[in-house]
Each structure stands twice: as C-alpha cells, then as structure tokens.
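Participant: Structure below; questions to follow.
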Amino acid sequence: TMPTMPNKPKILLARAIFPEVITHLEQFFDVESNQDDHIFSSTELIEKLQDKDGLIATGSEPVSAEVLRACPRLKAVCNQAVGYNNIDVAAATKAGVMVTNTPDVLNETTADFGWALLMATARRITESEHWLRAGKWNKWRFDSFLGADVHGATLGVIGMGRIGQAIARRSMGFDMQVLYHNRSRVSPELEARANNARLVSKEELLRQADHVILVLPYSKASHHTIGAAELAMMKPGATLVNLARGGIVDDVALIAALREHKIAAAGLDVFENEPALHPDFLTLSNVVLTPHIASASEPTRRAMAACAAANLLAALLPAAAGALPPN
Ligand code: DGY
8 TMPTMPNKPK ILLARAIFPE VITHLEQFFD VESNQDDHIF SSTELIEKLQ
58 DKDGLIATGS EPVSAEVLRA CPRLKAVCNQ AVGYNNIDVA AATKAGVMVT
108 NTPDVLNETT ADFGWALLMA TARRITESEH WLRAGKWNKW RFDSFLGADV
158 HGATLGVIGM GRIGQAIARR SMGFDMQVLY HNRSRVSPEL EARANNARLV
208 SKEELLRQAD HVILVLPYSK ASHHTIGAAE LAMMKPGATL VNLARGGIVD
258 DVALIAALRE HKIAAAGLDV FENEPALHPD FLTLSNVVLT PHIASASEPT
308 RRAMAACAAA NLLAALLPAA AGALPPN
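Quick note on the UniProt record's numbering: the sequence shown kicks off at 8 and runs consecutively.
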C-alpha cells in the first residue's frame, strides 16, 4: 500500500494568481484558489476560511477583527502587497495570527511609476494626448500645454521609507533639491544617497516644494495628511502625486483645489473608496488618473507573489521553508 501523506495545511488564495505559484504552493498545501477573481465579501471570506490555516490576500480583502474572530483555525495572513491597512494587525496579533507583507521587491518599480506619474502630471502628457485623440490639433502653437519644469525644481517627499528613498535617489538626474517629511529622521547615510534629502516639517515642505509626492503608509494617523489646509499651503504652480493609499488625501478638498487652480495638477494612482472614483475627478483636465498600478510590472508582480508564497511557507511550515534555496 502507498504510504499516506500527512494532512497538508489548508490555504485560501483570495484572488487570481500566476498558475506557477499555485503549482508551487500545492507541493506543501491543500490549496483552494479563486482563479475567476471574484472579490469575497466578509461573509464569504469567513465561510471559506473556516477550515483554512492560511490566507494569501491582497489589499482588496478586509481582514477585519470580525473576520479574524470568526476564523479560529487561521494562523497566517500573507498580503501580496507592501501595504497592509486592509488587515487589522492588532486583532490578528491578539488572535495569534501571523501577518506578512511584501516589502523591498517592489521599491524600484514603484519609484519608477512615481516618476512616470510626476512627469505626466507636470508636463500634461495625458491631458494633451486626450486633446490630440479628440482631433483638436490643427496647428502647432507656441503656448500650448505649458507645464511645470521638473529639472532643477524642489521635490517634496512625504514618507521617506524604502520607496521614498528610491524616488529621491532618482531625482539626482534632474538636478533637484529634495525635502522630506517623515515620522523620524533617516540616517545621514541614507539622506546622502537620497540626493542629500533634508528633513523639514510638513508645512515647510508644502510651502517650498514644486512637486510633492506621497509615499507613506495609510493609518488612522495618516488619514487626510493632505486636506484643504495643506493644499492651501502649496505653491500655485505645484503638483501633487499620490502613490500610497486613498484616504491619505482628502479627495473632495483636492477636487476643489484642482478646480480652482490652487495647485497646478495632481497625479493619482490611489483614491478614497477605489475602485469607485469621485465622479468629479473625471471632469477635471488637470489630473492624471491611473488604476492603482504603481507596482504592476511583470517581474515585480511575480516577485510579490513569490514573496507572499515564501512568507506563507515560513509561517505555516518553517521546516520546509528552511530547506528551500532562498529566492
Ligand atoms: C502595495 O503593495 O501595497 C500596493 O498598493 C499593491 O496593493
């Protein structure tokens, strides 16, 4: 007779994922996947997790105290994201559930995208393309689509973590000055690598920066870091990029500031209540809108998936994880 396999831990993959990740995980786990990519409600999540030891989630699934309380077998929640504001970490800790994220693997890709958004916003790339596609280009004009300069300007980075540092480093090529605001000062070595970034108050940064980029995690403390009062401090020609999370910016206040040209333009990859956008964003020409894709390069999304899978293995089967070569 065949030796019986010991029971594998059971896991749920909350969203569609690269097939090779499923094949890899099936070596170690009894996997329930969700390749039709339906987003589970809290009720569905609770139902699916009754017999599960682990969950691979994304920012779309609310792993709330209620969900954690209702799933006593759960031991690990591994987010396929660096942000983890969808998870109640305090409730997880209390319940003995390990929580992991995917730091580092997306730093450079996300910083690249921050620059794409900043440049598109400052130089009015999507606005002018829409105009061109609408058949409105009938002559070259000296004063068409005048934008803000990026080179030689002052960059304000709010949130000087790994992604903020990667963004600041790239500004060396544009001969920029960098101001940053952060919970604490980063080391002088890291400041030097980040184009000699200088720590200032949020107010000073907003008053002096020509381009402000938000790369801080969302929490109750960072809710509406940028609201009407902060927008009023910015230069009239300034641009704002949000690469981090909806809710860090007060969208209603931003819409008013853009409409009244209190600032020149904004580039947004994230929104309050996404994927539902405040409809007024769609009526404004001085905003660049992208659907939360800053880390979405092919290699980086694969690296994020591999990282989450490795985290789950380390959490539920540490002995097996130790036997694998590092990825
Ligand atoms: C992240 O990694 O936090 C991105 O926002 C994708 O969810």
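Backbone N, C-alpha and C fix where the C-beta goes; we use that ideal spot for every residue, glycine too. Computed from a prediction, not measured in an experiment: that's the story for all the values here.
Taking the alpha-carbon of residue 240 as reference, which of 209, 230, 222 has the nearest alpha-carbon?
Facilitator: Position 233 of the sequence shown, counted from the first residue, corresponds to residue 240. For residue 240, the nearest C-alpha among the options comes from 209.
Participant: What is the DSSP secondary structure of residue 207, counted as helix, strand or coil?
Facilitator: For the purposes of this step, residue 207 is identified with residue 200 of the sequence shown, where counting begins at 1. Looking at residue 207 - three-state DSSP - the assignment turns out to be coil, as it is neither helix nor strand.
Participant: Based on Cα-Cα distance, which residue from 225, 102, 287, 160 lies nearest to residue 219?
Facilitator: Start at 1 with the first residue of the sequence shown, and residue 219 comes out as number 212. The option with the nearest alpha carbon to residue 219 is 160.
Participant: Determine, using beta carbons only, whether residue 59 and residue 76 come nearer to each other than 9 Å.
Facilitator: As a working note, residue 59 is residue 52 in the sequence shown. As a working note, residue 76 is residue 69 in the sequence shown. Cβ distance not < 9 Å, so residue 59 and residue 76 don't count as in contact.
Participant: Do residue 248 and residue 171 come within 9 Å of each other at the CB atom, strictly closer than that value?
Facilitator: As a position in the sequence shown, residue 171 is number 164, starting the count at 1. As a position in the sequence shown, residue 248 is number 241, starting the count at 1. No. Outside cutoff.
Participant: Going by beta carbon distance, what residues of the same chain come within less than 8 Å of residue 265, once the five residues before and after it are set aside?
Facilitator: Taking the sequence shown and counting its residues from 1, one reaches residue 265 at position 258. 272, 273, 291, 293, 294, listed in sequence order.
Participant: Assign residue 86 to buried or exposed, taking buried as 16 or more other Cβ atoms, counted over all protein chains shown, within 10 Å of its Cβ.
Facilitator: If you number the sequence shown from 1, residue 86 lands on position 79. So residue 86 ends up on the buried side.
Participant: Output the boundary residues of the alpha helix (DSSP H) element that contains residue 132.
Facilitator: On the sequence shown, position 125 is the one that residue 132 refers to. 132 to 140 is the span of the alpha helix (DSSP H), which, as asked, contains residue 132.
Participant: Just confirm the distance between the C-beta atoms of residue 72 and residue 84, as a whole number of angstroms; I'd bet it's less than 8 Å.
Facilitator: Position 65 of the sequence shown, counted from the start, is the residue given in the question as residue 72. Position 77 of the sequence shown, counted from the start, is the residue given in the question as residue 84. Going by Cβ atoms, the distance from residue 72 to residue 84 rounds to 13 Å, so no, they are not a contact pair.
Participant: What are the boundary residues of the beta strand (DSSP E) that residue 31 is part of?
Facilitator: Within the sequence shown, residue 31 is the residue found at index 24, counting from 1. Counting along the chain, residue 31 falls outside any beta strand (DSSP E), though it belongs to the alpha helix (DSSP H) covering 26 to 33.
Participant: Do you know offhand how far residue 23's Cα is from residue 259's?
Facilitator: Within the sequence shown, numbered from 1, the residue matching residue 23 stands at position 16. Within the sequence shown, numbered from 1, the residue matching residue 259 stands at position 252. Whole-angstrom Cα-Cα distance: 33 Å.
Participant: Rounded to whole angstroms, how far is the Cβ of residue 285 from the Cβ of residue 262, which I believe are closer than 8 Å?
Facilitator: Reading the sequence shown from its first residue, position 278 is the one you call residue 285. Reading the sequence shown from its first residue, position 255 is the one you call residue 262. Between residue 262 and residue 285 the Cβ distance is about 6 Å, and since that is below 8 Å, they are a contact.
Participant: Who are residue 107's beta bridge partners in DSSP?
Facilitator: By 1-based counting over the sequence shown, the position of residue 107 is 100. BP columns for residue 107 point to 85.
Participant: Assign residue 62 to one of three DSSP states: helix, strand, or coil.
Facilitator: Within the sequence shown, the letter at position 55 stands for residue 62. Looking at residue 62 - three-state DSSP - the assignment turns out to be strand.
Participant: Between which two residues does the alpha helix (DSSP H) holding residue 264 run?
Facilitator: Against the sequence shown, residue 264 aligns to sequence position 257. Counting along the chain, the alpha helix (DSSP H) containing residue 264 begins and ends at 258 to 266.
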